[in-house]
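Chemist: Residue numbers (our numbering), protein chains in the order written: chain A, 1 to 147; chain B, 1001 to 1081. We put the CB at the ideal spot given by N, CA and C, even for glycine. Remember, predicted model here, so these are calculated numbers, not experimental data.
1) Is residue 1051 of chain B helix, strand or coil by DSSP?
2) Taking beta-carbon pairs under 9 Å, can you tell me which members of the region 1058-1069 of chain B lie near chain A?
3) Quick one: using the 10 Å Cβ neighbour count with 16 as the cut-off for buried, is residue 80 of chain A buried or exposed?
4) My output table needs one value for residue 77 of chain A: the three-state DSSP class, helix, strand or coil.
5) Alpha carbon to alpha carbon, how far is residue 68 of chain A from residue 1014 of chain B? Give it in angstroms, no decimals.
6) So which residues on chain B does residue 134 of chain A lean against when the C-beta distance must stay under 9 Å?
7) Of the choices B:1022, B:1030 and B:1007, whose alpha-carbon is the least far from that of residue 1016 of chain B?
8) My guess is that residue 18 of chain A and residue 101 of chain A are in contact by the Cβ rule of under 8 Å, so how many angstroms apart are they, rounded?
9) Once the 5 residues before and after residue 112 of chain A are set aside, which same chain residues still bring their CB inside 7 Å of it?
10) In terms of residue numbering, what span does the alpha helix (DSSP H) encompassing residue 13 of chain A cover?
11) Mind pulling the chain B residues with CB within less than 9 Å of residue 25 of chain A?
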């Protein structure tokens, strides 16, 4: 399994190719890519992502380990960026490898649900009008109940 | 012990981290102690329902004893992904 927290940009395609090549016995690779999304008025200038160094790696590793126990996975990868990102930039990606697609899809969704509200990252939106911390959503908290 | 603050708690308190001496038994007690320091701390901790805490990098509840922990962190609910 891989957990990478980094400031620099990464190429999603390269990551998926490298991850897939390591798992020739796996019939299914599921991936999710999170992108900085502009708001409806297209006024987002940047998103600042703060994280808790140390705890971010630890919390995500624990979430990945839980997924590896719960689903039949060959491997899992999480890459999450921090720092200042512009609309359209990749924030993070998740990849899961399994023999069959159900495990790969479900585990990827589980990882995303937990990363949303259990990985110590905080987002600050800088728009043309204001600078605001993105509030957590009750939906994201509720999403954990289904697991 | 080392105390860390993130996101708007860091901004409100004005420092990202500090080393403190405390005799507080639980995180709750430590919050009370910090709140009594200056109005900035008081404002930051005025609504604990908007604050989460971690002890040695594990998410815990406010009634957790500090024990031998070396690091406590305060932050808003996380927004990863």
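Modeler: On the basis of the data shown:
1) Residue 1051 of chain B sits in coil when the DSSP states are folded into three classes, being neither helix nor strand.
2) The region 1058-1069 of chain B vs chain A, Cβ under 9 Å: 1058 and 1059.
3) The residue in question, residue 80 of chain A, is buried, as its Cβ has 16 or more Cβ neighbours within 10 Å.
4) Strand.
5) The straight-line gap separating the alpha-carbon atoms of residue 1014 of chain B and residue 68 of chain A is approximately 40 Å.
6) The contacting residues are 1079.
7) Residue B:1007 is the option with its Cα nearest to residue 1016 of chain B.
8) In fact, because the Cβ distance is near 20 Å, the residues do not count as touching under 8 Å.
9) For residue 112 of chain A, the CB contacts under 7 Å within the same chain, skipping 5 residues up- and downstream, are 32 and 94 in chain order.
10) Its alpha helix (DSSP H) spans residues 12-21.
11) Under a criterion of Cβ atoms nearer than 9 Å, no residue of chain B is adjacent to residue 25 of chain A; the nearest Cβ is some 29 Å distant.
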